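Visitor: Pasting a structure below so you can have a look.
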Amino acid sequence: MNDLLKDLTPQVLGILVRRGADFAAAEDAVQEALIEAVRRWTGTVPEDPKGWLVRVASRKLVDAHRSEIARRRREERVHREPQPGPTEQADDTLLLLSRCCHPSLSSASAIALTLRAVGGLTTAQIARAFFVPESTMAQRISRAKRTVTGARFDQPGDIHAVLRVLYLIFNEGFSGEVDLAVEAIRLTRQLAASTGDPEVAGLLALMLLHHARREARQTESGALVPLDEQDRSTWDTALIAEGVEILQRALAQDRLGEYQAQAAIAALHDDAATSDETDWPQILEWYDELMRLSDSPVVALNRAVAVGHVDGSLAGLRALADVDVAVPRRDAVAAYLHERAGNPAEAARLYAVAAQKAPTAAERDHLITRAAHLNTRSGRSTGSDEPRAD
Amino acid sequence: MAKYLLLKHYRGGPEPVPGTDVPMDQWTPDEVKAHIAFMQHVADVFRERGEYVDGQALSPEGTFVRYDGEGKPPVTDGPFAETKDLIAGWMVIDVDSQERAYEAASFLSSAPGPGGRSIHEWIEVRPFLSEPPVVSE
């Protein structure tokens, strides 16, 4: 029943808001309706659970505004409106998401509001997922609600802003008790069911194709396992198959976008039975497409790796020369290319530099281990100017 | 979204802005009170913005402690009266960008001192190491 309620929450909220209810008031009403549902649906779920929730939530809304006659009139008009058809329901998901991801919100606020209002997570859960106090998260969410309350909400907004927020949630992964990657997939599935936009499908495919490797990506103690060392037998083939199918349908629409191109790259990696069988020439072609679609330096950085595999490490290093030195993880890529080019000393030095700048502890540990590995293998003695191991 | 540690130092860090390095024990009690109230105000503003994670003031009296082998008591050293670097307190914030973290640190640094003027205190900003992103290729 919990899953059902979680899925219905944004739909019910979307309906109320589309009918003109104030966002914060509608959310309170939906919460009250959910509480009533949990109390009353013991064992038996009503035939039309969504209709039930809409009716109860609408009544709660009306109750909340009973003292204001003008308001009550509007609520009663809302109450008399016919049940929404399937198309309207689809629009509601996008409508609600685009409000939660409104461009006037910071990413942190949009993420929190989306997880609360559309994802149906509690404020406490969201707070724990981001390791902040619950009061801080409550403040963040209520500020976000205030920010979007004035905004018009009768037209879906920019779908790319929505996709960006969903992508950010997915990338948070799983570091606390709430699995944000799974939440992001669930929300993106809902959105994909409501729109034929190929970039929505592209993002969903991208998530599934990466999620499939989740077990292989880290050891039990949390150490990073790079793609070429992962145990591919643990990849989830069902997720890969689903991701590939969704991607192919999206690509067939011939409206290419960044998420579809990124998903295509993930699919090619997933498709290789061993890392040696990776189809790097095709991956490079997709990076070239991505470069045309986006001027992201991260794309240029990853493209240099692909160039290194297709045309040789020196060509990869030449491609890297065009990437701004300030781009995060550039030193790690340079180290990797030097290692493959047969320059272990330079590679070790660059891995150590990259470790110093690593934005995450897992990457730092991985990079320092690579450096140590190369230093040991090349028999280099530890000089006094070496960084201390502590 | 990322967490940043904002460090207040008793000592260490770059040269103080000229004319602002009057030791706190030579301020008037009201100036000291106003300074502490401002710190509280900063925390409240961060709370209201949904950015505050935690914060504490630290005693200047610190001791160095180390392992000395199995079954042996820990070895201690200090406290040192004149260590180069001394941390006075810290605040952790969770913000959208490095730019916002710097802006927040600058606000913290604007705390009033003697005569109600800002002491332009140097705040050290250190990013937390986070979890690796899911998508890496």
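So the sequence lines, in the order shown, correspond to chains L and S.
Read in order, the letters of the first sequence are residues 1 to 390 in my numbering.
Read in order, the letters of the second sequence are residues 1001 to 1137 in my numbering.
We put the beta carbon where it would ideally sit given N, CA and C, even for glycine.
Model, not experiment: these values are computed from the prediction.
1. Going along the segment 247 to 268 of chain L in order, which residues come within less than 9 Å of chain S, judged by CB to CB distance?
2. Using 8 Å as the threshold, is the C-beta distance between Leu247/L and Gly202/L below it?
3. Give the DSSP-derived three-state secondary structure of Asp279/L in the structure shown.
4. Are any of the Cβ atoms in chain S nearer than 8 Å to that of Asp390/L?
5. Considering only the beta carbon of each residue, do Asp1094/S and Glu1048/S sit closer than 8 Å?
6. On the CB-based measure, 16 or more other CB atoms within 10 Å of its CB, does Gly43/L come out buried or exposed?
7. Determine the DSSP secondary structure at Gly342/L, reduced to helix, strand or coil.
8. Contact check, Val178/L vs Leu121/L under 8 Å by CB: the rounded distance?
9. Below 9 Å on C-beta distance, what does Glu1048/S contact in chain B?
10. Is Arg1066/S near the ligand ATP, going by C-beta to nearest heavy atom under 7 Å?
11. Taking a cut of 8 Å between CB atoms, which residues from the segment 92 to 116 of chain L lie near chain S?
12. Taking the CB atoms as reference points, tell me whether Val30/L and Ala57/L lie closer together than 8 Å.
13. When you compare the CB positions of Ala300/L and Val323/L, do they come within less than 8 Å of one another, or not?
14. Taking all protein chains shown into account, decide if His1041/S is buried (16 or more other Cβ within 10 angstroms of its Cβ) or exposed.
15. Helix, strand or coil: how does DSSP classify Trp1122/S here?
16. If you draw a straight line from the C-alpha of Asp295/L to the C-alpha of Val1092/S, how long is it?
17. Look at the Cβ atom of Ser275/L, then the Cβ atom of Leu224/L, and state whether they are nearer than 8 Å.
18. Could you compute how far the alpha carbon of Gln139/L sits from the alpha carbon of Gly1113/S?
19. Quick check on this structure: which residue in Gly1116/S, Ala1101/S, Ile1119/S has the alpha carbon closest to the alpha carbon of Pro1127/S?
20. Excluding sequence positions up to five away, which residues of its chain have a Cβ less than 7 Å from the Cβ of Ala393/L?
21. Listed in chain order, which residues of the segment 1048 to 1079 of chain S have Cβ atoms closer than 9 Å to some Cβ of chain L?
22. CA-CA distance, Ala326/L and Asn302/L?
23. Spell out whether any CB of chain L is found under 8 Å from the CB atom of Pro1112/S.
24. Go ahead and pull the three-state DSSP assignment for Gly202/L.
25. Just mark Pro86/L as buried or exposed, buried being the case when its beta carbon has 16 or more other beta carbons within 10 Å.
26. Taking C-beta to C-beta, are Glu258/L and Leu284/L nearer than 8 Å?
27. With a threshold of 8 Å between beta-carbons, can His397/L be considered close to chain S, or not?
28. If contact means a Cβ-Cβ distance below 7 Å, which residues of the segment 1118 to 1135 of chain S contact chain L?
29. Do we get a CB-CB distance below 8 Å when we pair Asp1096/S with the residues of chain L?
30. When DSSP builds the beta bridges, which residues end up paired with Trp1090/S?
31. Taking only three categories from DSSP, how would you classify Arg255/L?
32. Which partner residues does Phe1064/S have in the DSSP bridge list?
33. Is it buried or exposed for Lys1033/S, if we count other Cβ within 10 angstroms and need 16 for buried?
34. Could you list which residues in chain L have their beta carbon closer than 7 Å to that of Met1039/S, in chain order?
35. How about Met1024/S: is its C-beta nearer than 8 Å to some C-beta of chain L?
36. How many Å lie between Thr93/L and Cys101/L at the Cα?
Guide: The answer reads as follows:
1. Under the 9 Å Cβ criterion, the segment 247 to 268 of chain L contributes Gln262, Ile265, Ala266.
2. yes
3. Taken through DSSP and simplified to helix, strand or coil, Asp279/L comes out as coil.
4. Its pLDDT being 44, under 50, Asp390/L is placed unreliably by the model, and the measurement read from it follows with that caveat. Taking Cβ atoms only, chain S never reaches closer than 8 Å to Asp390/L, which makes this a no.
5. no
6. exposed
7. Coil at Gly342/L, not helix or strand.
8. 6 Å
9. No chain B is present in this structure, whose protein chains are L and S.
10. Among the components of this structure there are no ligands whatsoever, and the ligand ATP is therefore not found.
11. Ser106, Ser107, Ala108, Ser109, Ile111, Ala112
12. yes
13. yes
14. Taking a 10 Å sphere around the C-beta of His1041/S, we find fewer than 16 other C-beta atoms and assign the residue as exposed.
15. Reduced to three states, the DSSP call for Trp1122/S is coil.
16. 33 Å
17. no
18. 30 Å
19. Ala1101/S
20. Not covered by the structure: residue 393/L. The range shown for chain L is 1 to 390.
21. Cβ proximity to chain L below 9 Å picks out Glu1048, Arg1049, Gly1050, Glu1051, Tyr1052, Val1053, Asp1054 from the segment 1048 to 1079 of chain S.
22. For the pair Ala326/L and Asn302/L, the Cα-to-Cα distance works out to about 15 Å.
23. no
24. helix
25. Here Pro86/L scores only 46 on pLDDT, less than 50, and its place in the model should not be relied on; the value that follows carries that caveat. Flag for Pro86/L reads exposed.
26. no
27. Outside the modelled stretch of chain L, which goes from 1 to 390, sits residue 397/L, for which no answer is possible.
28. Leu1129, Ser1130, Glu1131, Pro1132, Pro1133, Val1134, Val1135
29. yes
30. Leu1007/S, Gln1056/S
31. coil
32. Answer is Asp1077/S.
33. exposed
34. Per Cβ cutoff of 7 Å: no residues; Met1039/S is ~17 Å from chain L at best.
35. no
36. 12 Å
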